[in-house]
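Data block below; observations after.
Residue numbers (the working numbering), protein chains in the order written: chain A, -19 to 434; chain B, 644 to 1041.
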């Protein structure tokens, strides 16, 4: 119903009412520092690829070229990961059960690289095979499930997601200002993969994206207005039988650069944000750089280093690296403290979107707050969901869906719309959940089950 | 503060698994989390969490109950002194009610709390806060002179058979406080109904003014066949609608004052804890049903003005504090409205058509507790059908 309208028009404006913009301190000011030269190591972080199982091809100590395959996904062997730089495999850092947590490559001074001849004149299957070989295929993900796209499927459309509304999200119009050429070139390549291209953007940035040959979807409203699930629900419903692909703006640029130069160039900008970050701002880096290159990290465990935003990001630690799909680093305090009778005090200094603290009456709407990682209570049975459900902007019954996942009822999960959601859509509900349930984890479990079933 | 923390840490050590005091483990945990919000940090998903937890939420409900409770103390004293004919001050009335209420509260929290701790220990879980509210609700919906042992039996029955056998907090089908009351209502009717139990001191009859009647409003309308314009209090003075609104009428301890209950409702709604959908629709359902009976007319109960129906018989208390129990109410938004409307409707119907049961509100909520899952099921199935339809439509056009 919607899709037909879209092909005829260039701009779709969407509004979301439900949601919440968490007033957290630490927005990045719009200044960019180029620190590409200082980056000596980059890493591939397997945790940024959910529902995958990465196996190394190149062993520790092996020399690799930029664009050389170093890892592959055992669950989907067509999907390969390549080194963004030329250098040596320095360390395969492993966590529990020998799971790889970071695959670290140290740069050498030289620039040996694999050549990739990518061009808009090539046919679809050729472009796909080049993208697979160059590792850039991992940039293209699919809905349902949010996993790396299956190359043999034809998507209804490709969405370029530049509408991040998460707390302290980076500003894409600012970041992409100097990359217009590569971005436009990337879009041309994507058009060969699917004729329907959409750029999703925040309302205030829509003028910037009008310069490109794609349909624009602008969103207005509090987070999660920019989430792809909300946009898809309004523009292209997802079910068992159809898929759409989506890709982040920087990755479009990577593809564009490859078409322009034949080389792998993973240089991009990330925003350093969060109440505990000292050097707030934007940084030009190589994708997969270490966080301590942007800001000197403290290793005593008092701070949490998050690749991504505070609601959905990865806790990568003080010696961690920035994940492939993340354009933002957030630093907040760890909350390991006891609070005497905290639940009973009036809480005049505490921000809470609920009406249960007087603070709601006292603060102006513009005031920003410090946040830490304390759970603020114990885990309890899942009760009073209406207090947290109200932040979900999708046409679903969130609590019923969550319960269907909890009891492993695949049929019911399907009926209640598991194909249309991602864990990120439940992040605010998780934030506000009075029972302190890890809702995103539950949803992810549901998606895992569905992947196994399909 | 530090020494307190150390003392608790010490208690933890003494109650480790395998030690003789292990059976007190969950009590120590409960004490610890009561005194200190734990230092746990987020491990998965959202890295930041809201300050609100179940303790805070339950505390809000308790706070919302306080106006009705304090007015209940006053009314207990007021009705008692009316019956004995003594002069009294507000302070004396409050104090009298407080002294009457305190043992009930202690028994309710004591017995219920112990059972909760035992179950938490058996299940190896933290003690839940749910009972904070239930434990206060139960004495508030009791006749003031109920013997403590009867109250104890009711509490034990409700906590074990209405809550814990289902799996504890969040798993129960029926509101435990109402189950306690319903159980006692049918098991010990002489202590739970009639015209003597609602006023303190009336059952033993000592010092009561001659000819004093302790009948409730609904009692007078139903059994006495009194027209609503001729309602009287114990000593024969007329009762106005204002008296009913303020709560100066015989009844269970906490349920008489619609005013105090509305203050509680405001607290629940402003904090977002209570569901406005349920509250509003209970009142609307009750009002419309009563209006219908008004139109039919025929006996004093049917002719009792619709809006006054909402002021008596615990209607407001049930609507604000019982129907909105987040565990036992319907969970879907549309379901909440249907659930509320039906509660209001059945409450008035039971009251009017079966005058032997002036407890219409209690029975109606329990009935709808049972149907809440069915209502939700229907709403969700409807949603699923719509999803399929929308999907097909979308698919055709693609």
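For each residue, glycine too, the CB sits at the ideal point set by N, CA and C.
This structure is a prediction, so every number in the text was calculated from the model and none was measured.
| query | result |
| --- | --- |
| Straight-line Cα distance separating residue 426(A) from residue 393(A) | 8 Å |
| Stretch-stretch touch, CB-based, cutoff 8 Å, three pairs: the stretch 61 to 81 of chain A with the stretch 34 to 45 of chain A | yes |
| Cutoff 8 Å: residue 438(A) Cβ touching any chain B Cβ | Chain A is shown from -19 up to 434; residue 438(A) falls before or after that span and cannot be answered. |
| Straight-line Cα distance separating residue 980(B) from residue 944(B) | 26 Å |
| Cutoff 8 Å: residue 337(A) Cβ touching any chain C Cβ | Absent from the structure is chain C; the protein chains it does hold are A and B. |
| Whole-angstrom distance between residue 205(A) and residue 736(B), CA atom to CA atom | 56 Å |
| 4 or more residues per run - each alpha helix (DSSP H) lying fully within the stretch 845 to 912 of chain B | 860 to 865 and 884 to 889 |
| Limits of the alpha helix (DSSP H) - the one that residue 173(A) falls within | 160 to 173 |
| Chain-ordered neighbours of residue 321(A) on chain B, where CB pairs are closer than 9 Å | 677, 678, 679 and 680 |
| Proximal residues to residue 801(B) (C-beta, below 6 Å), its chain only, five neighbours per side dropped | 819, 822 and 823 |
| Cβ-based contacts, 8 Å cut-off: residues of the stretch 271 to 296 of chain A near chain B | 284, 286, 290, 291, 292, 293 and 295 |
| CA nearest to the CA of residue 713(B), picked from 950(B), 935(B), 676(B) and 889(B) | 889(B) |
| Validate contact between the stretch 410 to 418 of chain A and the stretch 684 to 703 of chain B using beta carbons, cut 8 Å, 3 pairs | yes |
| Residues sharing a beta bridge with residue 225(A), DSSP | 122(A) and 138(A) |
| Rounded Cβ spacing between residue 309(A) and residue 253(A) (contact assumed at less than 8 Å) | 7 Å |
| Other residues of its chain near residue 746(B): CB distance less than 8 Å, five sequence neighbours each side excluded | 791 |
| Pair within 8 Å by beta-carbon distance, residue 16(A) and residue 265(A) | yes |
| Residue-chain proximity (residue 969(B), chain A), Cβ-Cβ < 8 Å | yes |
| Which of helix, strand or coil DSSP assigns to residue 342(A) | helix |
| Validate contact between the stretch 162 to 170 of chain A and the stretch 219 to 239 of chain A using beta carbons, cut 8 Å, 3 pairs | yes |
| Collapsed DSSP secondary structure at residue 179(A) in the structure displayed | strand |
| Nearest candidate by alpha-carbon position, reference residue 957(B), set 660(B), 666(B), 1002(B) and 919(B) | 1002(B) |
| DSSP-derived helix/strand/coil call for residue 812(B) | coil |
| Minimum Cβ-Cβ distance from residue 784(B) to chain A less than 8 Å | no |
| Test item: CB-CB of residue 929(B) and residue 991(B) under 8 Å | yes |
| Short CB-CB distance (under 8 Å) between residue 1033(B) and chain A | yes |
| CB contact below 8 Å: residue 683(B) versus chain A | yes |
| Cβ neighbours of residue 959(B) in the same chain (closer than 6 Å, five flanking residues each side left out) | 901 and 904 |
| Sub-8 Å separation of residue 797(B) and residue 845(B) beta-carbons | no |
| Cutoff 6 Å; reference residue -17(A); Cβ partners in own chain excluding five residues on either side | Low per-residue confidence applies at residue -17(A): pLDDT is 42, beneath 50, and the placement is therefore not dependable, though the value from the model is reported in the following sentence. Around residue -17(A): 216. |
| DSSP three-state assignment for residue 405(A), whether helix, strand or coil | helix |
| Within 8 Å, strictly: CB atoms of residue 138(A) and residue 225(A) | yes |
| Three-pair Cβ contact test at 8 Å for the stretch 20 to 36 of chain A versus the stretch 361 to 378 of chain A | no |
| Residues that DSSP places opposite residue 80(A) in a beta bridge | 74(A) |
| Outcome for residue 786(B) when other beta-carbon atoms lying within 10 angstroms are tallied against a minimum of 16 | buried |
| Members of the stretch 688 to 700 of chain B near chain A, C-beta cut-off 8 Å | 688, 689, 690, 691, 692, 693, 694, 695, 696, 697, 698, 699 and 700 |
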